[in-house]
Amino acid sequence: MNKTYTMNNGVQIPAVGFGTYKAADGKSADVIKKAIESGYRYFDTASFYGTEPYLAEAIRQSGLPRKDFFIASKLWKSEMGYTNAREAFQRTLENLDTEYLDLYLIHWPLPEPGYENWKELDKETWRALEELYAEGKIRAIGLSNFLPHHMENILAGCTVRPAVDQIEYHPGYSQEATVQYCKEKGILVQAWSPIGRSRVLEDPLVCELAAKYQVSPAQICLKFAVQRGIIPLPKSSSPERMKQNMDLFSFEMDQEDIWRLATMPQSGWSGEHPDQERVYF
Ligand code: A2P
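Take the sequence shown: its letters are residues 11 to 291, numbered as in the working numbering.
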């Protein structure tokens, strides 16, 4: 569980994080407190999730020093643009009751599908993040839900290269083109919804591999990220599953099985795509 990667700016990042989207539906810090007790130190939040204050509370109550945690947040679609981004960052710092972030991401490349000036908007937003990074307020900056054509726009004019791209990634929706692009450009991939929908947990191939390696279907999904150098950000409300989701280093899948997972038919897609209206299933 102490495994880390080194990002393209030399900063270390834990190999598994805890996703906090919908982690405070009960309007409390309880789930995050349990995750800290279960051993998680890397927490992924976003202004959109509404979980920043609960994460701050859970960290405060843990009694552990700030430096023991790796905290990542994101600016929302309505917070894009140079001035908005700087203000959004300040609000996030206040919500998280911290002096700095370990990682800060642009949540989506477009405020809405079809938005005409997205290239300019992304560049302006990125410029704000570069400045905050240079000021020492963020240890690494990155992207989320950016596809290769969105990343090309950032890479063409940046002074600081994105350290990560956080995308939907799980068996049945592993976005191979984006993963490949990130590998070529030295951008670390992170997986949101690494367990996919319940359909993925019942998928015959995922279940076959769970039986073969004597682990749960969820562990197969998470290992499908880990073995490709991708950081999974699982969410769970149960301490037992929280612990299970970190137990990913005692088994290794054969390369052949990784390829089978990477090429299985599309399944469990969230319906979200940055260039299109959301699809509801
Ligand atoms: P629960 O909170 O009851 O554990 P994803 O992060 O891919 O979107 O998936 C989140 C969902 O996966 C949650 O509903 C969570 O339910 C469930 N989940 C998390 N870990 C496991 C696990 N190890 N086994 C089965 N379901 C899990």
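By construction, the Cβ of each residue, glycine as well, lies at the ideal position given by its N, Cα and C atoms.
Kindly indicate which residue of the options has the alpha-carbon position closest to the one of residue i.
| i | options | result |
| --- | --- | --- |
| N196 | Y223, G152, G167, L232 | The sequence as given places Gly at residue 196; Asn does not occur at that position. Ranking the options by Cα distance to G196, first place goes to G152. |
| Q176 | Q200, M161, H160 | Q200 |
| D257 | N19, Y50, D54 | Y50 |
| Y223 | Q190, M252, F259, P244 | F259 |
| K37 | I46, Q22, V189, E67 | E67 |
| E241 | F28, V21, G20 | Inspection of the sequence shows that residue 241 is occupied by Ile rather than by Glu. Of the listed residues, the one whose Cα sits closest to I241 is F28. |
| I268 | K245, H160, F291, L215 | L215 |
| K245 | D54, V21, G20 | D54 |
| R270 | R209, S208, E186 | E186 |
| I116 | T102, S208, D107 | T102 |
| Y125 | H160, D107, G146 | H160 |
| Y52 | L243, A272, T16, E194 | L243 |
Which of the three DSSP states, helix, strand or coil, is assigned to residue i?
| i | result |
| --- | --- |
| G146 | coil |
| Y92 | helix |
| G196 | coil |
| I69 | helix |
| E178 | strand |
| Y2 | Nothing about residue 2 can be reported from this structure: the residues present for the chain run from 11 to 291 only. |
| F291 | coil |
| S208 | helix |
Please report the straight-line C-alpha distance between residue i and residue j, rounded to a whole angstrom.
| i | j | result |
| --- | --- | --- |
| G73 | A39 | 14 Å |
| Y92 | E134 | 5 Å |
| P181 | Q286 | 22 Å |
| D213 | F80 | 33 Å |
| K293 | P249 | Any answer about residue 293 is impossible in this case: the structure gives the chain only from 11 up to 291. |
| W118 | N155 | 5 Å |
| L219 | M263 | 9 Å |
| C231 | P75 | 32 Å |
| C217 | L142 | 45 Å |
| E47 | E130 | 43 Å |
| L211 | L198 | 25 Å |
| P227 | C168 | 40 Å |
| P63 | E266 | 43 Å |
| F291 | K32 | 19 Å |
| Q276 | R209 | 11 Å |
| V21 | K77 | 13 Å |
| N163 | D132 | 8 Å |
| N4 | K193 | A question about residue 4 goes unanswered here, because the residues of the chain that appear run from 11 up to 291. |
Determine, using beta carbons only, whether residue i and residue j come nearer to each other than 8 Å.
| i | j | result |
| --- | --- | --- |
| R171 | N12 | no |
| V41 | S247 | yes |
| F261 | V289 | no |
| P121 | M90 | yes |
| A144 | A173 | no |
| P284 | L165 | no |
| A45 | M252 | yes |
| D14 | I23 | According to the sequence provided, residue 14 is Thr. The question's Asp does not apply to it. In contact: T14 and I23 (Cβ atoms closer than 8 Å). |
| Y110 | I148 | yes |
| Y179 | G278 | no |
| Q190 | Q229 | no |
| L113 | L65 | no |
Would the C-beta of residue i count as close to the ligand FAD, meaning under 7 Å from any of its heavy atoms?
| i | result |
| --- | --- |
| S247 | Because the ligand FAD does not appear in the structure shown, any question about it cannot be addressed here, the ligands present being the ligand A2P. |
Q. Touch check for the segment 125-144 and the segment 89-98: three-plus C-beta pairs under 8 Å?
A. yes
Q. On the three-pair Cβ rule with 8 Å, is the segment 199-213 touching the segment 234-246?
A. Per the Cβ contact rule, the segment 199-213 is in contact with the segment 234-246 (3 or more Cβ pairs under 8 Å).
Q: Report yes or no: do three or more beta-carbon pairs, one from the segment 83-91 and one from the segment 46-58, lie closer than 8 Å?
A: yes
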